[in-house]
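In this note's numbering, the protein residues as written are 9 to 128.
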Ligand SMILES: [Zn+2]
């Protein structure tokens with residue numbers, strides 16, 4: 009996944025907070041985690057690590073994503089929550105690492121992928 013390479017190379021090297029400019033600061037919260045029950049300021053790289061692990065747990069939860077395809081009430085809200093958080097990663101990468109993305113020649117797929125998805 010190209011996004012992972014960007015995070016590994018740039019976000020970990022720059023060690024900046026999870027933001028998309030000065031106006032958008034993203035805190036991490038996970039009610040199932042003792043460390044993050046309250047929204048907590050984390051680096052972008054840590055946010056992404058936590059997000060990808062959290063997303064995997066959501067997708068593996070049969071109450072939200074049943075293997076039989078009979079999706080219940082939790083399905084759509086879970087999908088929206090996952091996409092909202094993943095969009096923040098794109099916002100961070102676009103705002104803070106756009107020049108690097110252009111430099112490695114992946115600007116178009118990296119910044120245009122979520123444009124086709126509705127978050128509401
Ligand atoms: Zn970053």
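Glycine residues also receive a C-beta, built at the ideal position from the N, C-alpha and C atoms. None of the values given here were measured: they were computed from a predicted structure.
Under the three-state DSSP convention, the category residue i falls into
i	result
residue 12	helix
residue 40	coil
residue 33	strand
residue 121	Its pLDDT being 49, under 50, residue 121 is placed unreliably by the model, and the measurement read from it follows with that caveat. Helix at residue 121.
residue 57	helix
Sub-8 Å separation of residue i and residue j beta-carbons
i	j	result
residue 59	residue 97	yes
residue 62	residue 48	no
residue 52	residue 100	yes
residue 4	residue 18	Outside the modelled stretch of the chain, which goes from 9 to 128, sits residue 4, for which no answer is possible.
residue 72	residue 82	yes
residue 33	residue 43	no
residue 103	residue 28	yes
residue 39	residue 31	no
First through last residue of the alpha helix (DSSP H) which encompasses residue i
i	result
residue 84	81-111
residue 73	Unbroken run through residue 73: none, as it is neither H nor E.
Cβ separation of residue i and residue j, assumed to be a contact under 8 Å, to the nearest whole Å
i	j	result
residue 86	residue 66	6 Å
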